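Number of protein chains: 2
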Amino acid sequence: MNRTPHRSVEVPSPFAERLRHVREFLVKARLDGLLVTSRADQVHLTGFTGEDGIVLATAKEVYLLSDFRFREVAGQEAPWARFVMRKKGIPEELAKVVRRNRLGRIGVIPDRITVATGKDLRRVLAPLGTRLVHVRNVVSELRMKKDVEEVAIIRQAIRIAQEAFLAVRRSIRLGQTERDLANRLNYEMGRRGASGPSFPTVVAEGPNSALPHAKPGGRVVRRGSAILFDWGAWWQGYRSDLTRMVFIDRIPPQFRRWYAVVLEAQQRAIRWVRAGRSIRQVDRIARSYIAERGYGERFGHALGHGLGLDVHEPPSLNARNGARLESGMVITIEPGIYVPGAGGVRIEDDLWVRDTGAEILSSLPRDLDWALLRL
Amino acid sequence: MNRTPHRSVEVPSPFAERLRHVREFLVKARLDGLLVTSRADQVHLTGFTGEDGIVLATAKEVYLLSDFRFREVAGQEAPWARFVMRKKGIPEELAKVVRRNRLGRIGVIPDRITVATGKDLRRVLAPLGTRLVHVRNVVSELRMKKDVEEVAIIRQAIRIAQEAFLAVRRSIRLGQTERDLANRLNYEMGRRGASGPSFPTVVAEGPNSALPHAKPGGRVVRRGSAILFDWGAWWQGYRSDLTRMVFIDRIPPQFRRWYAVVLEAQQRAIRWVRAGRSIRQVDRIARSYIAERGYGERFGHALGHGLGLDVHEPPSLNARNGARLESGMVITIEPGIYVPGAGGVRIEDDLWVRDTGAEILSSLPRDLDWALLRL
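Chains as they are written, first to last, in the working numbering: chain A, 62 to 436; chain B, 62 to 436.
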């Protein structure tokens, strides 16, 4: 093992609070440590963005087990954590830390660890008398409710996405392909500081808009085109996620009908959002309206999802989620209507759940008039 | 469960061959089915690129269990597979398929499935008397050796990356930031048809080049800059991965020394590459040369890795890999020297392993003169 000399730096905010939360959990669950194996959970707890490694949080220390490639980055991003440079496999290096600190019970999160890694860890830890215990994902739970610093970052990720979209929208020309537009949108987000798109940008013309996760292809902008944009900016680790329609020169009558239904469903759901409300009920508000208008079979996905370090994170806003909205959650609301072969409409905004209702973080116009672009 | 009517379409090449391979494995391992849980493995076996789902291959059928969002895409990409639209969770839908087909033993790949999913599947399958058996990853093994169609796609992914780089290189100006250049490079790859970069593009100026996975930031191009580019294009699911240095107007003496060592190490390793050679020995050729020249401590990562649907896939070319190179593998060779605070040099090319040696798929010049750019 190759330990860099430990600088005793105080843990800065917001990591100090997050660690405190995890350590309260360690006490409650009678654990000597928690293994944090998912990248986004690691970033949340430590700020370390290296692409390979494992984090072990104990009552006194936070260990970053990673490799040569990320040593310097770790020193910059989390100088208060102990970087353990692995020469062999992670299990072997972990065993050394566990032995030195005499850790008896270590929590692992079953949906964040592979069966193979679980086996490997047990193999090296069992001889030390150390037990791996399945625990709930405290870090993921923590991530659901955003603190003000996180919301400030998400606001900026939304601002970048919106400004980039407006720039691309101004430059749309007949004959451009879906691919051109998606590439241009990614570029405009990058120019405004995005590390990249939040997810592969969707630009779907005409019948392609019926595919909720369409890949941009060779379909071109023409008079009468209905184009669905679903995009977001990745900024300082956080992600925005928006959907808007653009109609070129005229709005095909079926799209006009779908748009009115989707927008009203979205607005009803947004008005219903508030801390304490049942998530399944928010979904139902939008879904039942769409069904009433005869499109129930055309809206097959969840109404929305949590948004943060991951583009899809808890809570999922679907008909089976019996939990309640909590103050601080950042969620999307994105109903849609999809008619295979004909096309689809989706409208998506990002919301911050508060005790008094929803603060809508995204601010692009939603009305049909604005969606019409005259070339 | 919601089954779309099954169209009996013949399985097209290359999926027919891959399926045959998997079915031979089913027979040998006395399995009634194999669960394919990783995205890239699913793409390899079926062509289905939907972002959510699980694949079950049996002796007679291939089932795609996914959701509403990907139904239409599945019909386009793998019309010969049976699409099972899940309404509830995947385990429940899987149980129905298992019961209907009376499958007794199903293989799962332990490093491709989470502990939580493993538990969920056992919970629904145990009452049916069905056993989950841990098996080696046949699909991943299959993926190591590329067929000619795959190599043709990778060649194209390399071509896109190279042309985009040349375009950006021509347009480098003093004062541009690392971020500008990375964003521009992504855009130029997109213009040439890339679905995106293979991985977050690295552009690292000066001391940042000492970080093997640097994030592009605000450092600017100036006279005397040493700039490391590590980038690749993602095309039709496959990825290229290249690294080149650009020196602006002059080459700092330490970079000149490092460059000569890295280039010679790379060339020695490339000349050694051939089907049948020990992987660890290829690594040693480059590593021992770098060590001889006094930089042993400055080259801390693996010499290279397999390249395909994932940007890092087996085999890893490191000092611990006792396996042998096989004809058909596509690998990177990318030695480097990194001096924290001062800078680093890496040179990376993509190779196709053949019985007679390596075919170098990438063709950008590697000599130091070319790396010098006069503005």
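No residue lacks a Cβ here, since even glycine has one placed at the ideal position from N, Cα and C.
Being a predicted model, the structure only gives us computed values, none of them experimental.
Rounded C-beta distance between residue i and residue j? I'm assuming under 8 Å.
i	j	result
Gln342 (chain A)	Ile394 (chain A)	Gln342 (chain A) to Ile394 (chain A), Cβ: 13 Å. No contact.
Arg143 (chain A)	Leu164 (chain A)	That belief does not hold up - the Cβ atoms of Arg143 (chain A) and Leu164 (chain A) are roughly 14 Å apart, past 8 Å.
Leu370 (chain A)	Val104 (chain A)	6 Å
Val391 (chain A)	Gly367 (chain A)	7 Å
Phe76 (chain B)	Gly108 (chain B)	6 Å
Arg120 (chain B)	Ser127 (chain B)	The sequence shown places Ala at residue 120 (chain B), not Arg. Not confirmed; about 22 Å, so no contact.
Leu189 (chain B)	Val159 (chain B)	6 Å
With which residues is residue i paired in a DSSP beta bridge?
i	result
Ser500 (chain A)	Given that chain A is displayed from residue 62 to residue 436, the structure contains no residue 500 (chain A) and the question cannot be resolved.
Ser127 (chain B)	B:Met146
Glu409 (chain A)	A:Thr304
Ile288 (chain A)	A:Glu266, A:Val307
Pro94 (chain A)	It should be noted that the sequence gives Gly, not Pro, for residue 94 (chain A). Paired residues: A:Thr119, A:Ile167.
Ser466 (chain A)	Coverage of chain A is limited to positions 62 through 436, which leaves residue 466 (chain A) absent and any answer about it impossible.
Lys206 (chain B)	B:Met390
Leu106 (chain A)	DSSP lists no partner for Leu106 (chain A).
Trp296 (chain B)	B:Tyr299
Gly438 (chain A)	Beyond the ends of chain A as shown, which are 62 and 436, falls residue 438 (chain A); an answer cannot be given.
Leu272 (chain A)	Bridge partners of Leu272 (chain A): none, in fact.
Ile421 (chain A)	A:Leu412
His82 (chain A)	Paired residue(s): none; His82 (chain A) is not in a bridge.
Gly257 (chain A)	A:Trp295
Is residue i near residue j, with beta carbons less than 8 Å apart?
i	j	result
Leu106 (chain A)	Ala118 (chain A)	yes
Ala265 (chain B)	Ile233 (chain B)	no
Trp295 (chain A)	Pro261 (chain A)	no
Tyr176 (chain A)	Gly150 (chain B)	What sits at residue 176 (chain A) in the sequence shown is Val, not Tyr. Not a contact, by the Cβ cut-off of 8 Å.
Arg197 (chain A)	Thr304 (chain A)	no
Ile421 (chain A)	Ile340 (chain A)	no
Trp141 (chain A)	Phe226 (chain A)	no
Asp344 (chain A)	Asn379 (chain A)	yes
Arg245 (chain B)	Val229 (chain B)	yes
Gly405 (chain A)	Ser270 (chain A)	yes
Pro277 (chain A)	Arg311 (chain A)	no
Met205 (chain A)	Pro376 (chain A)	yes
Thr238 (chain A)	Arg184 (chain A)	no
Ile346 (chain A)	Arg359 (chain A)	no
Leu436 (chain A)	Leu235 (chain A)	yes
Arg173 (chain B)	Val194 (chain B)	no
Arg284 (chain B)	Arg338 (chain B)	no
Gly389 (chain A)	Val372 (chain A)	no
Which one of the options has the shortest CA to CA distance from residue i?
i	options	result
Ala101 (chain B)	B:Gly94, B:Phe360, B:Asp113, B:Val176	B:Asp113
Arg335 (chain A)	A:Tyr320, A:Leu412, A:Gly136, A:Arg359	A:Leu412
Val169 (chain B)	B:Asn379, B:Glu85, B:Leu95, B:Thr191	B:Leu95
Glu387 (chain A)	A:Thr417, A:Val400, A:Asn379, A:Glu358	A:Thr417
Ala275 (chain B)	A:Glu154, A:Phe129, A:Ile115, A:Phe76	A:Phe129
Ser349 (chain B)	B:Val372, B:Gly397, B:His373, B:Gly369	B:Gly397
Met306 (chain B)	B:Glu202, B:Arg192, B:Leu434	B:Leu434
Arg216 (chain A)	A:Ser423, A:Leu429, A:Val282	A:Ser423
Val199 (chain B)	B:Arg81, B:Arg253, B:Pro188	B:Arg81
Val400 (chain B)	B:Met205, B:Gly361, B:Leu324	B:Gly361
Val72 (chain B)	B:Ala139, B:Val83, B:Val88	B:Ala139
Thr191 (chain B)	B:Ala218, B:Glu224, B:Asp208, B:Lys157	B:Lys157
Asn382 (chain B)	B:Val372, B:Gly389, B:Ala363, B:Arg317	B:Ala363
Ser301 (chain B)	B:Pro426, B:Ile167, B:Ala222	B:Ala222
Ala187 (chain B)	B:Glu153, B:Gly285, B:Arg220	B:Glu153
Glu133 (chain A)	A:Val145, A:Asn247, A:Val123	A:Val145
Ala255 (chain A)	A:Val323, A:Arg231, A:Leu193, A:Gly298	A:Gly298
Gly79 (chain B)	B:Ile115, B:Leu92, B:Thr110, B:Val123	It should be noted that the sequence gives Arg, not Gly, for residue 79 (chain B). The shortest Cα separation from Arg79 (chain B) among B:Ile115, B:Leu92, B:Thr110, B:Val123 belongs to B:Val123.
Leu324 (chain A)	A:Phe308, A:Ile351, A:Trp333	A:Ile351
Arg318 (chain A)	A:Gly389, A:Leu425, A:Asp181, A:Arg354	A:Arg354
Phe131 (chain A)	B:Arg84, B:Met250, B:Leu272, B:Glu374	B:Leu272
Gly251 (chain A)	A:Gly267, A:Arg231, A:Pro268, A:Arg220	A:Arg220
Margin query: Tell me which residues of the stretch 348-367 of chain A have at least one Cβ-Cβ distance to chain B shorter than 7 Å, keeping chain order.
Written below: Gly361, His362
Item checked: chain B contacts from the stretch 272-286 of chain A (Cβ-Cβ distance under 9 Å) -> Leu272, Pro273, His274, Ala275, Lys276, Pro277
Checklist line | chain A contacts made by the stretch 108-130 of chain B, where a contact means CB separation under 8 Å | finding: Those residues of the stretch 108-130 of chain B that come within reach of chain A (Cβ to Cβ, closer than 8 Å) are Thr110, Gly111, Glu112, Asp128, Phe129, Arg130.
Next item on the list: With 9 Å as the C-beta to C-beta threshold (strictly closer), list the residues of the stretch 245-257 of chain A near chain B in chain order.
Entry: Arg245, Asn247, Tyr248, Met250, Gly251, Arg252, Gly254, Ala255, Ser256, Gly257
Check: If you measure beta-carbon to beta-carbon, which residues of the stretch 402-413 of chain A are closer than 8 Å to chain B?
Finding: none
Check: Of the residues that make up the stretch 191-207 of chain A, which ones have a beta carbon closer than 9 Å to any beta carbon in chain B?
Finding: His195
Next item on the list: Can you give me, in chain order, the residues of the stretch 151-180 of chain B that have a beta carbon less than 9 Å from any beta carbon in chain A?
Entry: Val169, Ile170, Pro171, Asp172, Arg173, Ile174, Thr175, Val176, Ala177, Thr178, Gly179, Lys180
Note to self: Which residues of the stretch 132-144 of chain A have a Cβ closer than 7 Å to any Cβ of chain B? Give them in chain order.
What the structure shows: Glu133, Val134
Checklist line | Contact residues within the stretch 364-392 of chain B, judged by C-beta distance below 9 Å to chain A | finding: Arg381
Next item on the list: Could you list the residues in the stretch 301-333 of chain B with a C-beta less than 9 Å from some C-beta on chain A, going in chain order?
Entry: none
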